[in-house]
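Colleague: One structure, pasted below without further comment.
Residue numbers (our numbering): -1 to 112.
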């Protein structure tokens, strides 16, 4: 009997690969801080948001800022930058480093609705 002639579900060990674990709890933002992020973003949902993960040295606080025609607005949050990154993704933003290698801040833009 050839391995290739057998039905896939009849070969021992063929489907023993476990499904990937969820990362929902990894770097999850505290609920109160996530709500602060969502409320802040709701004030200007189409603005570009920035935070500098390097400046905070992975401490338990990070500053999220936005530039609008009225000026710059920022809030300080009691979370790590990885949690803020995940929080922004959860509310529909794409965050990435800028193209210039010397820049260390993350830029977050709203993903277009489909």
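Yeah, the Cβ is synthetic: ideal placement off N, Cα and C, and Gly gets one too.
As the structure is a computational prediction, the values presented were derived from the model and not from experiment.
Find out if the Cβ-Cβ distance for the pair residue 48, residue 105 is shorter than 7 angstroms.
Modeller: In terms of Cβ geometry, residue 48 and residue 105 form a close pair [threshold 7 angstroms].
Colleague: Give every residue of the same chain whose Cβ lies closer than 6 angstroms to the Cβ of residue 86, excluding the five residues on either side of it in the sequence, and list them in chain order.
Modeller: 93 and 106
Colleague: Beta-carbon separation of residue 91 and residue 108 under 7 angstroms?
Modeller: Pairing residue 91 with residue 108 gives a Cβ-Cβ distance under 7 angstroms.
Colleague: Quick one: what's got a C-beta closer than 8 angstroms to residue 44's C-beta in the same chain, skipping five residues either side?
Modeller: 108
Colleague: Taking the alpha-carbon of residue 73 as reference, which of 66, 89, 60 and 96 has the nearest alpha-carbon?
Modeller: 60
Colleague: Taking the alpha-carbon of residue 110 as reference, which of 95, 89 and 100 has the nearest alpha-carbon?
Modeller: 89
Colleague: Can you tell me where the beta strand (DSSP E) with residue 70 in it begins and where it stops?
Modeller: 69 to 75
Colleague: Would residue 81 and residue 36 qualify as a contact pair, given that the criterion is a beta-carbon distance under 7 angstroms?
Modeller: no
Colleague: Using a threshold of 7 angstroms, state whether the C-beta atoms of residue 97 and residue 64 are closer than that.
Modeller: no
Colleague: If you measure between the beta carbons of residue 154 and residue 77, is that distance less than 7 angstroms?
Modeller: There is no way to answer for residue 154, as the model of the chain reaches only from -1 to 112.
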